[in-house]
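So the sequence shown is numbered by this note's numbering: it starts at 17 and just counts up by one. Single-structure report; data block below.
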Amino acid sequence: MAIKQLALVAFVALTLAACEEDRYRGSARHNIPIPNATYALMSEKGMSKDQPILIRSYKKESELEVWKRKADGQYALLKTYPMCRWSGQLGPKIREGDRMAPEGFYAIAPQQMNPNSSYYVSFNMGYPNAYDRSYGRTGAHLMVHGACSSAGCYSMTDDQIGEIYALVREAQNAGQRAVQMQAYPFRMTAQNLAKHRLDPNIAFWKNLKEGSDYFEVTRDEPAVSVAGGRYVFNGGQAPAAVAEKRREDEVQVAALVAKGTPAIKLIYDDGDQHASFKRALASSGADALNRSASWASRDVGISRQDALALGPRVVVLDNAGKARATVRAASADNDAVLAAVAAAPVEEPVKVEAKPAVAPAATQLAKVAPGDTRQAPVLASASSTPVVPAAPAEDKPFLQRALSFMPVFGGSADQGVATAAAPVVSIVPTSPTTTNAPLPPRRASGLRTSSLDRSTAAYASQPAQR
């Protein structure tokens, strides 16, 4: 009996050790295996570990997709991963330390893989690429890594990044020279494009959509180059089906605008995370989420937890792209944003009664020759509309000069009531070239702040630690 108990204890100990090893800590991380469940999914979809992959990420939706090429040569979606953290705002990264996660088309080569990351494992996106450099943009070590903390990177849980890392590694080992990563501000739907149509970044985002359209229609990786400050896809040649999709999307956007879809700009306190992680953060707290999401990363905590408590601010824009109201949405979800806009206070135009122009005393006397029986102009009272009798042809220049002062008081020569412009409810000062919004003051709540909140420059001398 004792021997059986000892054998059982030994078996349990070996099983626990094997489970721990499956998570591949320490130096074994470069050999992280693809999970069995993912192998089964690949088999179900007609894929193999050796076939090329492609990555697509979306900030607003806080999701990262892995696509794999099938035997017929077309890519198909393998898995969608909820993103644990990204920082900054919608829009491209501009300079070192701005906390912005890159947007654009990037290539991940084998030398960009980092199994020795402080944040479990990671890979460098390749920022700045040729497009970024053409605009003089700065920054380095922009990664996709573990640890639910970001200072310009795309942060996954440790389990997620281990799986994604293994998928990229196996494709590279099979001969894929570089894995394309398409990083978007949001899914390129007609609804998103209609709402963000007046955002300062819309021209850049429409350029990204050209590559997105090609991939979605052909299910093939677009060839990417840079010319004239723009991304160029497949040498500028788009198949007829891609051009048709673009036209159909433009018609949908126009229809949505005609139906009253508001033009908005989203301002985040500091990036966001997927709704599933927000729920976990609210229900179990930051420490619990940090333990489950970042079990193998250096303990840096959840970055800027206070910025995740609320949804983004929604700046409602007028037809000229100027802010006319700002409201807080429950989340970045489309329905939540539209609900916030619908609840925004609407100010009615304020009507101001204009005072009638009073001509100088010297002009009260009509220019009438002695003995002329014509009546001089009579001024109306302050509560009535000025009445000016028709002037003879020879007097028109003088009267026109006198009446030309009327607009100064808000009216015109034929109008005694002026309408003032609608007042601004709330405005968020932004710069056309800067999408970062200031964070609210820190609450003295004892929340732990991630060391990743420091400028990226703090890690510039440690390229292997991200």
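Each residue gets a CB set at the ideal place from its N, CA and C atoms; glycine is no exception.
Quiz item: Would you call residue 338 buried or exposed, if buried means 16 or more other Cβ atoms sit within 10 Å of its Cβ?
Solution: Result: exposed.
Exercise. Pick out whichever of 55, 112 and 72 has its Cα sitting closest to the Cα of residue 64.
Key: Proximity to residue 64 across 55, 112 and 72 peaks at 55, based on C-alpha coordinates.
Self-check item: Euclidean distance between Cα positions of residue 278 and residue 106
Solution: Computed Cα separation, rounded: 18 Å.
Quiz item: Along the chain, where does the alpha helix (DSSP H) that runs through residue 227 open and close?
Solution: DSSP places residue 227 inside the alpha helix (DSSP H), whose first and last residues are 218 to 234.
Quiz prompt | Beta-carbon proximity list for residue 91, same chain, < 6 Å, skipping 5 on both sides | solution = Closer than 6 Å at the Cβ level, and outside the excluded window around residue 91, lie 70, 83, 85 and 235.
Self-check item: contact_flag[the stretch 137 to 152, the stretch 284 to 300] where n(CB pairs < 8 Å) is 3 or more
Solution: With a cut-off of 8 Å on Cβ pairs, the stretch 137 to 152 is not in contact with the stretch 284 to 300, counting fewer than three such pairs.
Quiz item: When the distance is taken between beta carbons, is residue 347 closer than 9 Å to residue 174?
Solution: By the CB criterion at 9 Å, residue 174 and residue 347 fall outside the cutoff.
Quiz item: Comparing alpha-carbon positions, which option in 221, 194 and 217 lies nearest residue 205?
Solution: Closest option to residue 205, Cα to Cα, is 221.
Quiz item: residue 290 and residue 77: beta carbons closer than 9 Å?
Solution: Between residue 290 and residue 77, the C-beta spacing is below 9 Å.
Exercise. Could you work out which residue in 350, 351 and 342 is closest to residue 361 when comparing CA atoms only?
Key: That would be 342, whose Cα lies nearest to the Cα of residue 361.
Quiz prompt | Beta-carbon gap between residue 262 and residue 229 smaller than 9 Å | solution = Yes, they are a contact pair.
Quiz item: Measuring CA to CA, which of 311, 322, 209 and 160 is closest to residue 268?
Solution: Nearest C-alpha to residue 268 among 311, 322, 209 and 160: 209.
Quiz item: Roughly how many angstroms separate the alpha carbons of residue 164 and residue 211, rounded to a whole number?
Solution: Inter-residue distance for residue 164 and residue 211 is about 29 Å (C-alpha atoms, whole angstroms).
Quiz item: Expressed to the nearest angstrom, what Euclidean distance is found between the alpha-carbon atoms of residue 57 and residue 66?
Solution: Each residue's CA atom was taken as its position, placing residue 57 and residue 66 some 14 Å apart.
Practice problem: Taking 9 Å as the cut-off, decide whether the C-beta atoms of residue 199 and residue 79 are in contact. | Solution: At least 9 Å separates the beta-carbon of residue 199 from that of residue 79.
Quiz item: Which class does residue 147 belong to by DSSP, given the choice of helix, strand or coil?
Solution: Correct three-state label for residue 147: helix.
Quiz item: Got a sec: is the Cβ-Cβ distance from residue 289 to anything in chain B below 9 Å?
Solution: The chain labelled as chain B is not found in the depicted structure, where only one protein chain is given.
Quiz item: What residues are listed by DSSP as bridge partners for residue 129?
Solution: In the DSSP output, where bridge partners are listed per residue, residue 129 has 139.
Self-check item: Buried versus exposed call for residue 114 [16 or more other C-beta atoms within 10 Å across all chains shown]
Solution: Buried: at least 16 other Cβ atoms inside 10 Å.
Quiz prompt | Segment contact, 8 Å Cβ cut-off, at least three pairs: the stretch 322 to 337 with the stretch 151 to 164 | solution = Because the criterion of three Cβ pairs below 8 Å is not met, the stretch 322 to 337 and the stretch 151 to 164 do not touch.
Practice problem: State the Cα-Cα distance for the pair residue 247 and residue 225, rounded to the nearest angstrom. | Solution: Going by the C-alpha atoms only, they are around 10 Å apart.
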